[in-house]
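Data first, discussion second: the structure below is written as C-alpha cells.
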Amino acid sequence: MSSIREALGVAHGDHPTFEQLEQVVDGIADDVTREIVESHCEVCAQCAAELRDLRELAAEPMPSVLPRVLAAAAAVAALVLIPVWLWLRQAPTPRASVPPPQPKKIASTGYGRKDWDDAVREALERGTVSMPAQRWPKSDRQRGAFEDGPAAGMRPVHEVIDSTTPVLSWRATPGRYVVSVYDNATRVAHSESLSKPEWQVTPPLERGRTYAWQVEVHRGASIEQLPVPPAPPALFQVLDAASSASLAEARSRFPDDYLLLGVLEARSGLQKAAADDLRAYAVQHPEDPKAASLVMSVE
Numbered sequence: 474m475s476s477i478r479e480a481l482g483v484a485h486g487d488h489p490t491f492e493q494l495e496q497v498v499d500g501i502a503d504d505v506t507r508e509i510v511e512s513h514c515e516v517c518a519q520c521a522a523e524l525r526d527l528r529e530l531a532a533e534p535m536p537s538v539l540p541r542v543l544a545a546a547a548a549v550a551a552l553v554l555i556p557v558w559l560w561l562r563q564a565p566t567p568r569a570s571v572p573p574p575q576p577k578k579i580a581s582t583g584y585g586r587k588d589w590d591d592a593v594r595e596a597l598e599r600g601t602v603s604m605p606a607q608r609w610p611k612s613d614r615q616r617g618a619f620e621d622g623p624a625a626g627m628r629p630v631h632e633v634i635d636s637t638t639p640v641l642s643w644r645a646t647p648g649r650y651v652v653s654v655y656d657n658a659t660r661v662a663h664s665e666s667l668s669k670p671e672w673q674v675t676p677p678l679e680r681g682r683t684y685a686w687q688v689e690v691h692r693g694a695s696i697e698q699l700p701v702p703p704a705p706p707a708l709f710q711v712l713d714a715a716s717s718a719s720l721a722e723a724r725s726r727f728p729d730d731y732l733l734l735g736v737l738e739a740r741s742g743l744q745k746a747a748a749d750d751l752r753a754y755a756v757q758h759p760e761d762p763k764a765a766s767l768v769m770s771v772e
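Here it is, written out as C-alpha cells:
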C-alpha cells in the first residue's frame, strides 16, 4: 500500500487535497483515494478534523433554495430603492397649487321675496341704505339737547324700536321715579314708584304709533321732571306691524345674513340695529369695498 501512496505522491507528511476529502465524504472517491485519505487522517489530526467537519456538514439537511433566493432579491432591491428613497427625502416637495380663498357669496337675489331682493341689490349697487325720514322735533338736530342737556341719558329718544314693551332708562339721580308714556295728550302707561333708573313698559304699546315719555324724580316734597322743561319731549316710535313681521321672517329664515337684516332694519328706521348688523357684515366681508360705506350710511 505504501508503494501506492508513493506512486500518487502522498506520503505521511503530505496532506490530501480538499477535493480528495470532499470525494471521500460524498462517496465518489475511488479505492486508492479513499485509502490514502483514511490512512493519512489516522496519523494527521488536522486532516482528520477537516474530514470530520465535512461529514457533519454533509449530514445536515440541505436548506431550501427559496429563502436564499428571496434574501438575495431583497438585498438587490435594497441596493436599488434605498438611494432612490434618500433622494426623494432630500428633494423639495412640490407644493400643491392652492386656489386663493373666495369671498363669501351673498344671496342678493333668491330670498323668495321680491322686495327683499330689490332692497339688497339696490344697497349693493349704491353702497348706501335708504332710511325713512323721521319727523322729530327740530331740536333733535342739536343732539346736545339729549346727549348733554335736559334729557341726558334717556333711552330711547328719537328712535324707532321694534318692541311693544321697551325698556326705558335714564341717568340715575337721588330719589324715587315715576314714568309716564303718552300717546299725544293721553297717558297710556305709567309705572309705580321705582328705585332703579329703568322700567319696562306695560301694557304693550300699539304698533305704528309715536309716543312721548317722561320721568318724575321725587325727592321728599320736590318733583323734578325729565326731560327738563322747556326741552322738547322724549319721543320714540314703535315699528308698524307689517315691517315687524317682515323682519321677524328674515331673522328666522336668514339669521346669519347680516346684509339682508341690516338693509331691512335700516329701511324700517331701526338705526341702531341696522348699524350693528351692517358692521357685522363688514367684518365678515373685508373684501367688499362697499361694506364700510353701508355702515356709514346708517350711522
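If you want our numbering, it's the position in the sequence shown, counting the first as 1, plus 473.
Every residue gets a Cβ at the ideal spot worked out from N, C-alpha and C, and that includes glycine.
If you're wondering where the values come from, they're calculated on a predicted model, not measured in any experiment.
The alpha helix (DSSP H) that contains Leu597, what's its start and end? Per DSSP, Leu597 belongs to the alpha helix (DSSP H) from Lys587 to Arg599.
Three or more beta-carbon pairs under 8 Å between the stretch 686–695 and the stretch 724–732, yes or no? Pairwise C-beta distances place the stretch 686–695 out of contact with the stretch 724–732, as fewer than three of them are shorter than 8 Å.
Going straight from the alpha carbon of Thr638 to that of Ala658, what length do you get? Looking at the backbone, the Cα of Thr638 and that of Ala658 are separated by about 20 Å.
Taking the alpha-carbon of Leu712 as reference, which of Met769, Ser636 and Pro647 has the nearest alpha-carbon? Of Met769, Ser636 and Pro647, the smallest CA-CA separation from Leu712 is found for Ser636.
Are Val593 and Leu732 touching if we call contact CB-CB under 8 Å? Yes, Cβ-Cβ distance for Val593 and Leu732 is below 8 Å.
Can you tell me the Cα-Cα spacing of Gly600 and Val640, whole angstroms? Taking the Cα positions, Gly600 is about 33 Å away from Val640.
State the Cα-Cα distance for the pair Ala753 and Glu679, rounded to the nearest angstrom. Taken atom to atom, the span from the alpha-carbon of Ala753 to that of Glu679 is near 31 Å.
For Arg660 and Ala707, I'd like the C-alpha separation in whole angstroms. Arg660 and Ala707 have their C-alpha atoms spaced approximately 14 Å apart.
Thinking just about the alpha-carbon of each residue, which of Val510, Leu494 and Ser717 is nearest to the one in Gly681? From the listed residues Val510, Leu494 and Ser717, the smallest Cα separation to Gly681 is found for Ser717.
Could you tell me which of Asp588, Gln757 and Asp750 sits nearest to Met769, measuring between CA atoms? Relative to the Cα of Met769, the nearest Cα in the group Asp588, Gln757 and Asp750 belongs to Asp750.
Using the three-state DSSP reduction, which class does Asp504 fall into: helix, strand or coil? Three-state DSSP puts Asp504 in a helix.
Just tell me which of Ser741, Ser719, Ala755 and Leu767 has its CA closest to the CA of Arg586. The residue among Ser741, Ser719, Ala755 and Leu767 with its C-alpha nearest the C-alpha of Arg586 is Ser719.
Status (buried if at least 16 other CB within 10 Å, exposed otherwise) for Glu738: Buried.
Whole-number beta carbon distance between Tyr650 and Pro670, since they are thought to touch under 8 Å: Contact between Pro670 and Tyr650 holds, with the beta-carbon distance rounding to 7 Å and staying under 8 Å.
Length at least 3, wholly inside the stretch 686–712: the beta strand (DSSP E) runs in chain order: List check, beta strand (DSSP E) in window: 695–699 and 707–711.
Which listed residue (Glu772, His631 and Asp729) has its alpha carbon closest to that of His758: The shortest Cα separation from His758 among Glu772, His631 and Asp729 belongs to Asp729.
Tyr584 by DSSP, collapsed to three states: which one? The three-state reading of DSSP puts Tyr584 in coil, since its state is none of H, G, I, E or B.
Can you check whether the CB of Leu524 is closer than 8 Å to the CB of Cys514? In this structure, Leu524 lies closer than 8 Å to Cys514 by Cβ.
Just to confirm the assignment, what range does the beta strand (DSSP E) spanning Ala662 have? Boundaries of the beta strand (DSSP E) around Ala662: Thr659 to His663.
Among Ser653, Pro605 and Ala704, which has the Cα closest to the Cα of Val736? Residue Pro605 holds the alpha-carbon nearest to the alpha-carbon of Val736 among Ser653, Pro605 and Ala704.
What residue does the beta strand (DSSP E) around Gln673 start on, and which one ends it? That run of the beta strand (DSSP E) goes Glu671 to Gln673.
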